[in-house]
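Residue numbers for the sequence shown follow my numbering, beginning at 750 and rising by one.
Just so you know, even glycine gets a beta-carbon here, dropped at the ideal spot from N, CA and C.
None of these values were measured; they are calculated from a predicted model.
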Amino acid sequence: MRDKEILEAIFVLSLLHGRTDATRLKKEVGLTREEMHGRLRGLRDRGYVEVRGSRLFLNSKGRRTFKVVFIGGTFEVIHPGHIYTIQQAKKLGDVLVAVVARDATVRRRKGRDPIVSEEERRKVLSAIRYVDVAMLGSESNIYDTLEKVSPDIVALGYDQYHREEEIAREAERRGIRLSVVRLSSPSPALKTSKILAQL
């Protein structure tokens, strides 16, 4: 296990649980207690992590050792186009955070109830091997979630309504340095809306 993988695991666990500690990290990465304490001591001494009591925190030096990619969507009916997009997003960095649109957001944007609940959609996404973190987005806007995740890259699906320039501008305003990438699709005709229309 490389130090970078330990730092990534600290980030992922902190995002999932709001915080992490050596016990939770040890379970995640599969090191013995002695190995874990030795590695954490080395990471702390080199300035990558801070240890406060039993809690672990990445500092900015530790966070810069890996790239976080943020992708968001409704993910109602997972189809090959979603998998392709998720794979392409994962190739852009080290940690892929997939953010699921809230039920209220689906109602507001699409004018209908989602056919699968937000929690069920999150669970399905978390089972996809390319996804490191599957989480629910904010009910208000994408930017609150961007602020929480603070990604290096935002990957947009080929047909998502968000504008790259708008995301980059608002992220900069909030102190987040990132790039925005519009992904392509091998089969643009394959869309959830078309699948639902055929049901």
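At what residues does the alpha helix (DSSP H) containing residue i begin and finish?
{"i": "Ser875", "result": "Glu867 to Ser875"}
{"i": "Leu765", "result": "Asp752 to His766"}
{"i": "Val898", "result": "Ile891 to Val898"}
{"i": "Val855", "result": "Asp852 to Lys859"}
{"i": "Ile832", "result": "Pro829 to Lys840"}
Thinking C-beta only, is residue j closer than 8 Å to residue i?
{"i": "Val930", "j": "Ile902", "result": "yes"}
{"i": "Ala949", "j": "Leu895", "result": "Nothing can be reported for residue 949, as the shown portion of the chain is limited to 750 through 948."}
{"i": "Pro863", "j": "Thr823", "result": "yes"}
{"i": "Leu932", "j": "Gly906", "result": "yes"}
{"i": "Lys816", "j": "Asp852", "result": "no"}
{"i": "Leu764", "j": "Val898", "result": "yes"}
{"i": "Arg870", "j": "Glu825", "result": "yes"}
{"i": "Ala838", "j": "Ala904", "result": "yes"}
Compute the beta-carbon to beta-carbon distance between residue i and residue j, rounded to the nearest angstrom, for a pair I have assumed lies under 8 Å.
{"i": "Asp893", "j": "Val761", "result": "In fact, because the Cβ distance is near 20 Å, the residues do not count as touching under 8 Å."}
{"i": "Val865", "j": "Val846", "result": "Rounded, the Cβ-Cβ distance is 20 Å, inconsistent with contact."}
{"i": "Arg804", "j": "Asp752", "result": "About 19 Å separates the two Cβ atoms, so there is no contact after all."}
{"i": "Val849", "j": "Glu867", "result": "6 Å"}
Would you mind reading off the limits of the beta strand (DSSP E) that contains residue i?
{"i": "Arg923", "result": "Here Arg923 belongs to no beta strand (DSSP E), and DSSP marks it neither H nor E."}
{"i": "Arg878", "result": "Element bounds for Arg878: n/a, residue is neither H nor E."}
{"i": "Leu905", "result": "Ile902 to Leu905"}
{"i": "Leu845", "result": "Val844 to Val849"}
{"i": "Arg912", "result": "Run containing Arg912: none; DSSP gives neither H nor E here."}
{"i": "Ser928", "result": "Ser928 to Arg931"}
Closer than 7 Å to a non-hydrogen atom of the ligand ATP - does that hold for the CB of residue i?
{"i": "Ile891", "result": "This structure lacks the ligand ATP; in fact it carries no ligand of any kind."}
Count Cβ pairs between the stretch 771-780 and the stretch 807-814 that sit closer than 8 Å; are there 3 or more?
Counting Cβ pairs under 8 Å, fewer than three are found: no touch.
Of all the alpha helix (DSSP H) runs that stay within the bounds of the stretch 773-821, which reach a length of 4 or more residues?
Entirely contained in the stretch 773-821, the alpha helix (DSSP H) runs reaching 4 residues are, in chain order, 782-794 and 809-812.
Decide if the stretch 827-847 is in contact with the stretch 784-795; the criterion is three or more beta carbon pairs, one per stretch, under 8 Å apart.
No: the two stretches stay apart, fewer than three of their Cβ pairs being nearer than 8 Å.
Does the contact criterion of 3 or more C-beta pairs under 8 Å hold for the stretch 789-805 versus the stretch 906-919?
Look at the beta carbons and you see the stretch 789-805 not touching the stretch 906-919: under three pairs across the two are nearer than 8 Å.
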